[in-house]
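Chains A and B supply the protein sequences, listed in that same order.
If you count the first sequence from 1, position 106 lands on 106 in the working numbering, and the numbers rise without skipping.
With positions in the second sequence counted from 1, the corresponding number in the working numbering is that position plus 1000.
Think of the CB as a built atom: it goes at the ideal place given N, C-alpha and C, for glycine as much as any other residue.
Structure first, commentary second.
There are 2 protein chains.
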Amino acid sequence: MDSSSANRRNPIARRRILRRELAVRGAVSVAELSDILGASAATIRRDLDALAREGVLERAHGGAAARNLRPAEEALAVRERKDIEEKQSIAHAAAGLLKSGDTVFMNDGSTIMAVARELAVAEVELFVVTSAVNVAHLLAENSRLTVCLLGGFVRRSSLATSGTFAETMLEQFNADVALLSSDGFSLSEGLSYANADDASVSRKMALRAKRCVALVTSPKFEWNARLTGVPIGEVDDLVTDAVPAGLHEELAEAAISVIEAPAMRAGQAA
Amino acid sequence: MDSSSANRRNPIARRRILRRELAVRGAVSVAELSDILGASAATIRRDLDALAREGVLERAHGGAAARNLRPAEEALAVRERKDIEEKQSIAHAAAGLLKSGDTVFMNDGSTIMAVARELAVAEVELFVVTSAVNVAHLLAENSRLTVCLLGGFVRRSSLATSGTFAETMLEQFNADVALLSSDGFSLSEGLSYANADDASVSRKMALRAKRCVALVTSPKFEWNARLTGVPIGEVDDLVTDAVPAGLHEELAEAAISVIEAPAMRAGQAA
DNA sequence: AATATTTTGATCAACAGTGATTGATTTCGA
DNA sequence: TCGAAATCAATCACTGTTGATCAAAATATT
């Protein structure tokens, strides 16, 4: 009724109806749509292909299905996929800094998750304190590692715990190393975060660890996220895939030792 | 209703329903799916094979089992698969006891994980406090649920947190309902556990909740595990697939209300 | 008004998804 | 351990879908 009245209309209107129809029904067939919208199958197919390119839906033989990855899951999945190579080499280098017996803080984020994957196959024995549920989930399966998970509310977007519980608990630990990722990094603001909980937990980790190692992928350089978490003075080491030109000297002045681990696209050394 | 309306449709929609079915039930048979989805067994088999290649599930003769569990920890996976139908119907019944706004304690174990799967697709809004990392991991993705994870050491065998941290934290909550699984159940010893941490956390949950609901699969009846966790007096409700003959009266005397949710092997009501 | 650009619908050969059939394989109960 | 029943992989024919191409129509541009 509603839809048929808007038949013979322009592409934008048609696609809007199409999207709504898809949202309501979850999945639609080309034939149905052609019927509802009064357009030929060819047109519908073109629409669907376009919307698929936009990522709104998933094409299938005979029709399409709405993309309902849960928002959180999708966001995480996308983040996981970004700059994978860079994150992996950073993670590998960072894991190399740890030695058996160390107590390690790890906050959350896709770079940290990459470190966790490294640790899962490494041979060091560690005591790991983390706020990331997925990191704990992965590492707890390993007998070489003792995993302590900070308690508190689990945030949907990042699957990390936060809040008073987490911070109070954190205050009872003293770590050798804190491995910290962030949303932004600059010499003026240090490690910055889009989320207040992340910022707060990360700062506390930095303060309570002897050595603070920042894991920063190159796109994050010279970018300040909303909140400053760890001031630059707290940072001892910086692990990154590539340091922007001109930053080397300033980092040296700030007494930050830099470990460069360039991403290896194809081949890689053992 | 939900599934049948989207029947005879495109592959993606079908596979999505299939995945959801799998997520909720933990395991599915080709015959059931063929019935539910209105597709031939050949098609279902092709779907399952495809999803198995994606690593979503594990193929088996006659059906498939969910595999959202980590690749490791075989023991957990095995326990997960034991008495699946019983656990599912218990989980379904237990989930039905909860109403929006409730604060719920959940300990850990495969039965509890089954409840989590139910809650993931249910429509209640809850505040969930749990010691199980995998439960938190699953539920945190859901916007209807606020998840609070107890902190502390993550045990490898069960992927649950325990220790002083967890217990101290637990003491700050007051719940409406505690959903508790156990390793053994008897009228003399109540809920018993093989692990001291489990016993201790569960007891504390029972004490701090207005209503204590025990989830017990029938093989656990009249079996006392090493440690008593929750004394029988604390138990208000018992959800189980089948109560052994003769136990009904004694349970009534102990003022425990029994909810029997027999396992459904093949057909199931919508 | 004339022309360029985009959108649309029709046609058709190639193709993918489905269900049925078959004979091999596995599972389960006796 | 054996045999019956269920499940499987492989194959085939059928149907509906696809993408490409092209001409007509609608729309925008000059």
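Residue environment for B:Val-1133: buried (at least 16 other C-beta atoms within 10 angstroms of its C-beta).
Put simply, the backbone Cα of A:Ala-136 is about 9 Å away from that of A:Val-128. Going by C-alpha positions, B:Val-1177 is about 20 Å away from B:Thr-1228.
For A:Gly-55, the nearest beta carbon of chain B is not closer than 8 Å to its own beta carbon. DSSP places A:Ser-218 within a helical segment (H, G or I) once states are collapsed to three. A direct Cα-to-Cα measurement between B:Leu-1215 and B:Ile-1112 gives close to 8 Å.
Closer than 7 Å at the C-beta level to chain B, one finds these residues of the stretch 28 to 40 of chain A: Ser-29.
Rounded to whole angstroms, the separation of the alpha carbons of B:Arg-1144 and B:Val-1124 is 7 Å. For B:Phe-1165, the closest Cβ of chain A is nearer than 8 Å.
Within a 10 Å sphere around the beta-carbon of A:Gln-172 sit fewer than 16 other beta-carbons, which makes this residue exposed. A distance below 8 Å separates the beta carbons of B:Leu-1119 and B:Ala-1095.
The CB of B:Cys-1148 comes closer than 8 Å to the CB of Gly-151, Gly-152, Phe-153, Val-154 and Phe-165 in chain A, given here in chain order.
Put simply, of A:Ala-225, A:Leu-180 and A:Val-115 the residue whose alpha carbon is nearest the alpha carbon of A:Ser-192 is A:Ala-225.
Within the same chain, and ignoring the five residues on either side of A:Phe-105 in sequence, the residues whose Cβ sits closer than 6 Å to its Cβ are Val-129, Ala-175, Ala-178, Met-205 and Ala-209.
Counting only runs that start and end inside the stretch 161 to 187 of chain A, the alpha helix (DSSP H) elements of at least 4 residues fall at 164 to 170. For A:Ala-242, there is no enclosing beta strand (DSSP E), as DSSP marks it with neither H nor E.
Of the other Cβ atoms in all chains shown, 16 or more fall within 10 Å of the Cβ of B:His-1092; this residue is therefore buried. When the beta-carbon positions are compared, B:Lys-1220 and B:Asp-1197 stay at least 8 Å from each other. The three-state secondary structure of B:Lys-1087, taken from DSSP, is helix.
Among the CB atoms of chain A, one or more fall inside 8 Å of the CB of B:Asn-1134. With a 10 Å radius around the Cβ and a threshold of 16 neighbouring Cβ atoms, B:Ile-1090 comes out buried. Judged by beta-carbon spacing, B:Arg-1016 lies beyond the 8 Å limit of A:Ala-23, meaning their Cβ atoms are not closer than that value.
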